[in-house]
Every structure is written in structure tokens, then in C-alpha cells.
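These protein sequence lines are chains W and G, in that order.
Numbering-wise (the numbering used here), the first sequence opens with residue 1 and increments by one.
Numbering-wise (the numbering used here), the second sequence opens with residue 268 and increments by one.
Yeah, the Cβ is synthetic: ideal placement off N, Cα and C, and Gly gets one too.
Structure first, then comments.
There are 2 protein chains.
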Amino acid sequence: SVAISLKEDRLKLSYIDRLQYAKNNVAKDLLSIMAKKQTNLCVAADLTIAADVLNLAEQVGPYICCLKTHIDIIEDFHPNFVRRLQEIAEMYEFILMEDRKFADIGKTVQMQYSKGVFNISSWATLVTVHSIFGKGVLDAISEVDLDRRRGVFLLAEASASGTLIDEKYTGETLKIASEYDDLIVGIVCQSPLFRDKPGFLQLTPGVQVGETEDNLGQQYNSPEKVIVEKGGDIAVVGRGITQSQDMRNEAKKYKDLLWAAYLKRIS
Amino acid sequence: SVAISLKEDRLKLSYIDRLQYAKNNVAKDLLSIMAKKQTNLCVAADLTIAADVLNLAEQVGPYICCLKTHIDIIEDFHPNFVRRLQEIAEMYEFILMEDRKFADIGKTVQMQYSKGVFNISSWATLVTVHSIFGKGVLDAISEVDLDRRRGVFLLAEASASGTLIDEKYTGETLKIASEYDDLIVGIVCQSPLFRDKPGFLQLTPGVQVGETEDNLGQQYNSPEKVIVEKGGDIAVVGRGITQSQDMRNEAKKYKDLLWAAYLKRIS
């Protein structure tokens, strides 16, 4: 491991102190929101009914920095739905991330990002992208003309067991991210990578209290483990909150646990 | 390279003789159609207007074994559109493949496959899948209850320059494919892999006469090179046909070139 001066160690800096290192404006917005609302919780809205997603967003809105969607699983999608979601995001100050995991050649991703029924680029401030096909995908996203801020989380590791992502893949992904630091907001990964890049945020999914895996290969970690040991800056909680009887209260619990873990990490 | 008895060399067997090795019913259907219509051409319908896709399907229908769609780039998608597409596919005997490149954890892919506005599992006989997150994705697709045949093309190599897929990734993907030969119809790749598995079909994109690359990293090869040298069983042609003034005639040209290359290969 590389020696890092304490001054620039991502894991030891506060979110607000990292703002100066971020090149992408959405990364700056995100760090500001996290510091202001004292939350590093992202909720995964893996629900298939539009009204349920909106209800979830209103319930958890005060406690999250980011809401992660899968727009393509919503049975009754309508453009009004994303407009309402944007209103809720503005009201409670969180950022919308479409977890599309773009994974095609540049030309195709460009259309998937900016065309079609979902018109993702028109409302999703953040999107997730696989580096599997190389830099062309990031050029393709950059080329889409928008009058709004945008950012990308690039996937460098997976939370699924049996993933084919290895160290070399992860390393090359980080190299690509560094080259595109005006577009990249952060990295989706499971371990404390890029400690020397405090301008990038680590997004870590697979967080749930009391579960270790599902029946299709997904693996879970506790809030403290994800923030302190695994280096997550933002933790993604899905079923732990969406399957709760009291989503608002559960979101607050996760927020408090995750924030305490963050304070412990930087102390 | 492994020694293969001539009898079972995928590259030397005729499509119809390979039918007996296929475990998946869609692979059998595909091989039958290819032999009957004398075509190994798949057209990529990378168009954003539903009527244009339907028109393309009618124009090229007689000359293709498979139509590859990106349902999420179509601006005016409506469930009636896929019903009409299915009618055209039935009329001209070709198979619909949604090139979704699923690339998430199993639970999410399961919803992306069977839920949402596009309801892919209800109409797409074939889908493309990334092996990046491991086998859970294939279990997830298998678990979806359907009263129709289904099949998967698994991505083992990429046609984009700068791809992070390496030999190890490709090898592990082929291993997964072998374990799931009841679901897997074939492999998306750029070189003559799995010569000893005549029951799998090699799908090779990036085919165009007279072009070598686009400005976002996509690389092109000639029809003969793709079939004879690179081992493609089905060649995907996109812009070479969709950007032509006479799509029907252009599709026929590609069909004839690709079929001649196939006859040369097995001779």
C-alpha cells in the first residue's frame, strides 16, 4: 500500500474538507448535502410501483443524501413520476441516482442515457456505469448536451459472490476514473480503494443489519463495517429499509448508525 | 489450443448438424431457422422511433435469423409495438433478441427482466447478459416463471477498443456458460472460442463493409473475416444496414456475403 500523508487521506478527512478536492460539481453538491444533513445514507428504491417509490422518497427523504433508482423495474412508469421524484429530491435535498449500470459500447450507451421512454439524462443527476467496455462509454456520456449537472459512479468491485471482477480490473477502472475526474463523482466498490483521492466518493452497496446474504449471491455487511473497515463514504441500504414496516424510522436508524461510524472513522 | 476431433469442431459442422448438440430449445430453433432461410445475419435495430424499427423488421425480415433490439432507446415505446414486432418475427421466422446486457446482481436482474414498462421476458426470446457478477444472474433469469422458450447470449469478449475483459474473464465466462447449457444459447465474442461446443452459437457484433471504427471505440470487421477467421456463427450488422438508403437490398447483400463465408468455412 502507498504511503499517504494524513492531510490527504480520504478515510480521515471530513466530508466538508474533501469538497475542495472534488472536480465534479455533483460531487461537491453531494459532499455539501452530506455535511449539512449529517447523512451518508443512500436508499435503494427497489420497488416496482411508482406510488411506492414516491412514498419511500417522502418517508426517507430527510435522512438520505441520495436515492438510488431502477427506473426500468417500475410497472406504471410515467414521465410525471420522475418530475414528482425531482420535486421530492429538491424539497428534502437529496440527489437522484439511476443505477443503470451502463455496460455497452459508447454509441449505444449514449442513446440509452439520452433517449427512450426513460430519458435518464433529463432527470438522473447521477448514473452508474460499468468500465467493462473502456473509456468510450464515458466519452459518450460526456458528449450528451445537457443544461444540468451530471456525474458518474464507476463500478470497480461487486458485492455479489462469484463476481469475475479481479484486482487488475479494479486497478484499470481506477485509472480510467482518474482520467475522467471531471465526470466521475466516485467509485462503487467494497474496499478502501483510492485513499489518496479525497475528491472521489466511495459508494458501497450491500448494507443491512442482521443479514449476510440473499439466495441469489448478494452479500451484506453491517453499517459500521462498511464505513470504517471497507471505506465506504456513502452506504446503500435497500431491503433493510424498504421491507421495514416503518421505513422512516428505519432510515433514521441507519442514518444514525452510518453517521456514527463515519465520525469514528475520521476521529 | 486443444485438439478437437473433426466430427465435433463447431467451426466445421453445418448449422443443421449442430442441432443435435444444442441443449436449449431456442438454440435449436435458431439453428433450424438459419439452415432453412440460409442466413446467419442478425440485424441490430438501433433506431429510436418505433415505426422505424417495425419498418426495418419488415424490410430485412426475409434475410435475417435474428433481430437485435435496444428497447430502452425507443422514444415512443408502447406495448403494442412489441406485439407488432412479434407478429413480424413470426411471419418472417426470425427470433427477437433484446440486447439488454444485464449487468447487476441477480435480484435486480430478475426484476429488470420480468418487470417494468418493457416487461422484457414477455416478448424477448433471447437476451444478452454480462457474466461480470457471476452465476447469480443466470439463476435469477432461470427462476422467472414463463410459458415460453427463452435463451441467453453471454458476453465473453467485446468489440470495443480499450475493453477491460481479459483472457481470464473470457475463460471464466465460458466455464459458467458450460454449467448453464440449458439456458445459454451462445456466446458473444470476437474470436473462435469453444470450438469443442457445437451446441453453442457464437454471436459476433461489429460487422460492417468498408468501416474500421466509429468515434466512440467501436471496431468493425468484414463479413468474411467475422465468419471464417473470427468464428462467428451469427454476425450482427447495425449501421451498415440501418443507415443504408435501401435496407432490404443491403440486408440481402450482407446475408449473401455472410452465408458464402459460412459455406467456405465448413467446406
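Touch test, the stretch 31 to 47 of chain W against the stretch 59 to 78 of chain W, Cβ-Cβ under 8 Å, three pairs minimum: With the cut-off at 8 Å, the stretch 31 to 47 of chain W and the stretch 59 to 78 of chain W touch.
Would you identify the three-state DSSP class for GLN20/W, choosing helix, strand or coil? In this structure, DSSP gives GLN20/W a helical state, which the three-state scheme calls helix.
Tell me which residue opens and which closes the alpha helix (DSSP H) that PRO79/W is part of. PRO79/W: member of the alpha helix (DSSP H) spanning 79 to 92, first to last residue.
Please tell me whether ALA317/G and ASP343/G are closer than 7 Å, where the distance is taken between their beta carbons. At a Cβ-Cβ threshold of 7 Å, ALA317/G and ASP343/G count as neighbours.
For GLU460/G versus LEU405/G, is the C-beta distance shorter than 7 Å? Checking the sequence shown, residue 460/G turns out to be Leu, not Glu. The Cβ-Cβ distance between LEU460/G and LEU405/G does not fall below 7 Å.
For SER268/G, I'd like the list of residues in its chain whose CB is within less than 7 Å of its CB, leaving aside the five on either flank, ordered along the chain. Because the pLDDT of SER268/G is 47, which lies under 50, any placement of that residue in the model is unreliable, and the question is left without a value.
Is it true that the stretch 435 to 446 of chain G meets the stretch 382 to 402 of chain G, where meeting means three or more beta-carbon pairs spaced less than 8 Å apart? They touch, by the three-pair rule.
ALA57/W and ILE33/W closer than 7 Å at C-beta: Contact: no.
CB-CB under 6 Å to GLU286/G, same chain, minus the five flanking residues each way: which ones, in chain order? First, the amino acid is wrong: residue 286/G is Leu here, not Glu. If we look at LEU286/G and ignore the five residues flanking it on each side, its Cβ neighbours are LYS295 and LEU298.
At 7 Å on the CB atoms, spell out the chain W contacts of GLU478/G, in chain order. Here the premise fails: no neighbours, minimum Cβ distance about 12 Å.
ILE501/G in three-state terms, based on DSSP: Look at ILE501/G here: in three-state DSSP terms it is strand.
Is GLU517/G helix, strand or coil when you go by DSSP? Looking at GLU517/G - three-state DSSP - the assignment turns out to be helix.
Does DSSP put GLU75/W in a helix, a strand or coil? Under the three-state reduction of DSSP, GLU75/W is assigned to coil, being neither helix nor strand.
Would you say THR437/G faces chain W, with C-beta separation under 7 Å as the test? No, THR437/G does not count as interfacial toward chain W.
Which residues in chain G sit within 9 Å of PHE118/W, going by Cβ to Cβ distance? Neighbours of PHE118/W on chain G, chain order: ASP339 and VAL384.
Please list, in chain order, the residues of the stretch 460 to 485 of chain G that have any C-beta partner in chain W closer than 7 Å. Listed by position, the residues of the stretch 460 to 485 of chain G near chain W (Cβ gap below 7 Å) are ASP481, LEU483, GLY484 and GLN485.
On a Cα-Cα basis, can you pick out the residue from SER267/W, ALA260/W, SER14/W and THR242/W that is closest to VAL60/W? Nearest option by C-alpha distance: THR242/W.
Quick test of the definition: if touching needs 3 or more C-beta pairs under 8 Å, does the stretch 274 to 290 of chain G touch the stretch 452 to 466 of chain G? Three or more Cβ pairs drawn from the stretch 274 to 290 of chain G and the stretch 452 to 466 of chain G lie within less than 8 Å of each other, which places the two stretches in contact.
May I have the straight-line CA-CA distance separating LEU203/W from GLY186/W, to the nearest angstrom? One C-alpha to the other measures close to 7 Å.
Residues that DSSP places opposite CYS66/W in a beta bridge: According to DSSP, which records beta bridges pairwise, CYS66/W is partnered with CYS42/W and ILE95/W.
Under 7 Å Cβ-Cβ, which residues of chain G neighbour ASP139/W? What ASP139/W touches in chain G: LEU483.
By DSSP, does PRO472/G sit in helix, in strand, or in coil? Residue state for PRO472/G is assigned as strand, using DSSP reduced to three classes.
Please list the partners that ALA370/G has in chain W, where partner means a Cβ-to-Cβ separation under 8 Å. The contacting residues are LYS101, ALA103, HIS130 and ILE132.
Host alpha helix (DSSP H) of VAL495/G (start-end): Run containing VAL495/G: none; DSSP gives neither H nor E here.
Taking Cβ to Cβ, would you say GLN110/W is nearer than 7 Å to ALA140/W? Yes, the Cβ-Cβ distance between GLN110/W and ALA140/W is below 7 Å.
Residue range of the alpha helix (DSSP H) that includes THR375/G: Counting along the chain, THR375/G sits inside the alpha helix (DSSP H) bounded by residues 373 to 381.
List the endpoints of the continuous beta strand (DSSP E) containing GLY453/G. Start and end: 451 to 455.
Identify, in the order they occur along the chain, each residue of the same chain with its Cβ nearer than 7 Å to the Cβ of GLY238/W, setting aside the five sequence neighbours on each side. If you ignore the 5 residues before and after GLY238/W, its C-beta comes within less than 7 Å of the C-beta of ALA44 and ASP46, all in its own chain and listed in chain order.
Please state whether DSSP places GLY418/G in a helix, a strand or coil. In the structure shown, GLY418/G adopts extended strand secondary structure according to DSSP, grouped into three states.
List the endpoints of the continuous alpha helix (DSSP H) containing VAL281/W. Shown here, chain W extends from 1 to 267; a query on residue 281/W therefore has no answer.
C-alpha gap between GLY199/W and VAL349/G, whole angstroms: Each residue's alpha carbon lies about 45 Å from the other.
Can you name the residues of chain G whose CB is closer than 9 Å to the CB of GLN112/W? By Cβ distance, chain G contributes HIS337, ASP339 and ILE340.
For the stretch 507 to 524 of chain G against the stretch 470 to 484 of chain G, are there 3 or more C-beta pairs whose distance is under 8 Å? Here the stretch 507 to 524 of chain G makes contact with the stretch 470 to 484 of chain G; the two share three or more CB pairs at distances below 8 Å.
First through last residue of the beta strand (DSSP E) which encompasses LEU393/G: Following the DSSP letters along the chain, one finds LEU393/G inside the beta strand (DSSP E) bounded by residues 393 to 397.
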